[in-house]
Amino acid sequence: MNRFKYLSIPYIIWLIILVVLPLLAMLILSFMDSDSLDLSTAKFSLDNWASLFNQVYLNAFWNSLKIAGIATIICILIGYPISYIISNSHLENKFALIMILILPMWSNQLLRIIAWEKIFYPISIINNIGLSFDLIGTDFAVIFATVTMYLPFMILPTYTVLEKMDKSYVEASYDLGVSRVRTFFKITLPMSSKGIMSGIIMVFLPASTGFAITERLGGGKIIMIGNVIENFFKRSFNYNMGSMLSLVVILIIMGAIVLLSKFDKEGETII
Amino acid sequence: MKKNKITVSSLLQALFIGIVIFILYLPILIIFLLSIDSSQTGNTFTGVTFEWYKEIFTNKSLYMSIITSFAVALSATCISAFFGTFAAIGIHALSKKAREKVILLNNIPVLNAEIVTGISIMIICSLLIPVIPDFFGYWTMLIAHVFFTMPYVILSVIPKLNELDPNLYDATTDLGVRPFKALWKIVIPSIDTGIISGALLAFTLSIDDFVISYFTSGNGVTNFSNWIYVRLGRKNFTPAAYAFNSLLTIVILIIVLVPQFKKNKKQKAN
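Note that the protein sequences, when read in sequence, are chains B and C.
Those letters in the first sequence? Residues 1 to 271, by our numbering.
Those letters in the second sequence? Residues 1 to 270, by our numbering.
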């Protein structure tokens, strides 16, 4: 089948046009002072990069890391035990239960955020049952919504590896008199680490770079890097600053991709 | 552990999973309540109405955005599944070193922040505005959706190609079948599960996409998520959006879960 090599060429060109070219464009834009994409009046400028360490952006980066980091840890602490319990249960239809846990993903993301927004305001639809929350603008609200949004992305990969895992290793360990706790940490956890890894990627990356959850639930107080970039491109049309910050985000993600490719050369971790 | 023995720990486990399921479905329940709530603001429950369900069919900007969502998702899925399969066959045929490099490139749209992907496509498409003035809209969204869904098709197809016995293809061509016919008759049917799961994933991601479409839609053409986003907190928002989403969720729940329970019944019968 080696003769089909050339079938990859159009796709490689497509990727270069849509991945590499925009990166170059952003790099150029980040060193300029221009009126959005109009280069006729553009001047060379280092101001954008010089303002990278401005407190506002550092705070936004820190908020992204903090909120996405905590949300990811909570997703592991909830998602992994769920996968473990279901995978080791004697239920007849484990897969249906997993599907039930994953199905909320098919309901529109934005509307699910709005649903939380509606009940996190003091006056809300749940007043009818005697409950009232005042959580808009708190880290709790943002992290809570992030966890509910991305938990299925942690359950799916961890469940898949736990199901595929050869359970006879665990049985062998029990037979040799090793305790259940020790067996879990020495056998099950290391053997399912790949699933946890892909879960972390699938939760952390979108959670740290999104802007809709903080936009609706942050009450203007919690700003993540996604909000800053969105603001530059869609509201103030400062493509230069937006490009600079996007490049920083890309650099961080590239670092993560390179790290990932060290132990996953065929891209199997992602799906 | 003996089967069917109810222990404290198994009860706690069931309770834990039950609470998580409740929290995951709570927003869906709220969306449903808002869809039958007669108050337009959705801040109090004033009474049951089905007016919003009717409005799905009368509010033109809303149903046009729904049609756009489906049109973009369906066409992006078909294009990604078709070209992605051939690209995967091409990538699979490359030498190990070249393959690793292409896969690294292929992973960029998957792992990159959605906001960066959206902006990248927006910048590239903006460069074409002098040539095609009203470019933004359906076509730019389609390009963006094909761009971010195709890598998933490729990632689902390549493992199937790895499982394929290369002798199968060689035997077919040795028997005088033309290469592309062999590809069509032998290779594609053997990897069809990978293509289908990749296409399903592509459709799921595309239909619910918000961020990438946010940057690539324009000229009044927008998808369902963006229709909602630009109207939030404004007068032209209507709970018909909740109604549509509730209908869609119920349909998907039925499509996915009914076959599961049927299968369960069959197993019991056997």
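The beta-carbon is built from N, C-alpha and C at its ideal position, and this holds for glycine as well.
What you are looking at is a predicted structure, and each value in this text was computed from that prediction instead of being measured.
Comparing alpha-carbon positions, which option in the options lies nearest residue i?
i: N240(B); options: Y11(B), I13(B), V20(B) and L24(B); result: L24(B)
i: I66(C); options: I154(C), F244(C), I6(C) and S126(C); result: F244(C)
i: L27(B); options: F232(B), G177(B), S243(B) and F233(B); result: S243(B)
i: N43(C); options: K164(B), M165(B), F185(B) and P122(B); result: P122(B)
i: L142(C); options: V116(C), L74(C) and L128(C); result: L74(C)
i: M32(B); options: A141(B), P22(B), N48(B) and L18(B); result: N48(B)
i: V142(B); options: P81(B), R112(B), I102(B) and I213(B); result: I213(B)
i: L18(B); options: R178(C), S80(C), L105(C) and W184(C); result: L105(C)
i: I129(B); options: I30(C), P259(C) and K235(C); result: I30(C)
i: I125(B); options: V131(C), S246(C), V256(C) and S39(C); result: S39(C)
i: R99(C); options: N112(C), T68(C), E55(C) and P159(C); result: P159(C)
i: F148(C); options: I108(C), T172(C) and V177(C); result: I108(C)
i: L7(B); options: F32(C), Y63(C), F82(C) and S156(C); result: F82(C)
i: I103(C); options: L232(C), M150(C), R231(C) and C125(C); result: M150(C)
i: G210(B); options: I195(C), G118(C) and L34(C); result: G118(C)
i: T49(C); options: V187(C), S217(C), A199(C) and P239(C); result: P239(C)
i: S35(C); options: K263(C), S246(C) and V251(C); result: S246(C)
i: V153(C); options: I56(C), A171(C), I196(C) and N167(C); result: I196(C)
i: T160(B); options: L58(B), S89(B) and K194(B); result: K194(B)
i: M224(B); options: G137(B), K164(B) and M197(B); result: G137(B)
i: S236(B); options: L37(B), W14(B), K221(B) and N2(B); result: L37(B)
i: S173(B); options: V258(B), K66(B) and F184(B); result: F184(B)
i: Y63(C); options: S80(C), I254(C), N226(C) and F261(C); result: N226(C)
i: L205(B); options: T72(B), V258(B) and L58(B); result: T72(B)
i: S80(C); options: I17(C), L155(C) and I115(C); result: L155(C)
i: S61(C); options: S95(C), N219(C), S10(C) and K97(C); result: N219(C)
Do you know how far the Cα of residue j is from the Cα of residue i?
i: L91(B); j: L162(B); result: 15 Å
i: I78(B); j: I98(B); result: 14 Å
i: V221(C); j: I187(B); result: 53 Å
i: I100(B); j: L24(C); result: 10 Å
i: L245(B); j: L52(B); result: 8 Å
i: A241(C); j: K118(B); result: 15 Å
i: V20(C); j: I229(B); result: 33 Å
i: S34(B); j: I123(C); result: 14 Å
i: L15(C); j: T7(C); result: 12 Å
i: S107(B); j: D208(C); result: 8 Å
i: A207(B); j: W116(B); result: 16 Å
i: V248(B); j: M254(B); result: 10 Å
i: I201(B); j: S64(B); result: 14 Å
i: P81(B); j: T41(C); result: 39 Å
i: F32(C); j: L26(C); result: 10 Å
i: F57(C); j: T68(C); result: 15 Å
i: F22(C); j: A145(B); result: 14 Å
i: A256(B); j: F61(B); result: 16 Å
i: K3(C); j: S168(B); result: Residue placement at K3(C) is poorly supported in this model, since its pLDDT is 49, which falls under 50; the coordinates are not used for a value here.
i: Y11(B); j: F4(B); result: 13 Å
i: L103(B); j: F70(C); result: 19 Å
i: P22(B); j: R112(B); result: 32 Å
i: L46(B); j: G220(B); result: 29 Å
i: F237(C); j: V230(C); result: 9 Å
Give every residue of the same chain whose Cβ lies closer than 8 Å to the Cβ of residue i, excluding the five residues on either side of it in the sequence, and list them in chain order.
i: C75(B); result: V147, Y150, L151, F153, M154, G199 and V203
i: I114(B); result: R216
i: L281(C); result: Look at the range of chain C in this structure, 1 to 270, and you will see that residue 281(C) is not part of it.
i: V72(C); result: Y138, M141, L142, H145, S206, S213 and N223
i: I86(B); result: K94, L97, I98 and Y159
i: T41(B); result: S34 and D35
Look up residue i in the DSSP assignment and give the residues it is bridged to.
i: M32(B); result: F44(B)
i: D37(C); result: V48(C)
For residue i, which residues of its own chain have a beta-carbon under 7 Å away from its beta-carbon, when the five flanking residues on both sides are left out?
i: L161(C); result: A88, I89, H92 and I191
i: I28(C); result: T249
i: M105(B); result: P152
i: I129(C); result: F135
i: G47(C); result: S38
i: T172(C); result: A182 and I186
i: I196(B); result: I76, Y80 and T158
Less than 6 Å between C-beta atoms, sequence neighbours within five positions excluded: which residues of the same chain meet that for residue i?
i: F232(B); result: N238, M241 and G242
i: V70(B); result: Sequence inspection shows Ile at residue 70(B); the Val mentioned does not correspond to that position. The answer, listed in chain order, is I143.
i: I271(B); result: In this prediction, I271(B) has a pLDDT of 49, which is less than 50 and means its spatial position is unreliable; what the coordinates show is noted afterwards. Nothing meets the Cβ criterion.
i: R234(C); result: none
i: M1(C); result: Low confidence applies here, because M1(C) scores a pLDDT of 44, under 50, leaving its location unreliable and the question unanswered by this model.
Open item on the list: Which complete alpha helix (DSSP H) runs does the stretch 190-263 of chain C hold, if anything under 4 residues is left out?
Closed with: Entirely contained in the stretch 190-263 of chain C, the alpha helix (DSSP H) runs reaching 4 residues are, in chain order, 192-207, 211-216 and 224-231.
TODO: Please specify which runs of the alpha helix (DSSP H), each continuous and at least 4 residues long, are wholly inside the stretch 85-170 of chain C, giving them in chain order.
DONE: Whole alpha helix (DSSP H) segments, 4+ residues: 96-111, 114-126 and 138-163.
Open item on the list: Extract the residue ranges of the alpha helix (DSSP H) inside the stretch 49-137 of chain B, only unbroken runs of 4 or more that lie entirely within it.
Closed with: If you keep only unbroken alpha helix (DSSP H) runs of at least 4 residues inside the stretch 49-137 of chain B, you get 55-88, 94-102 and 109-120.
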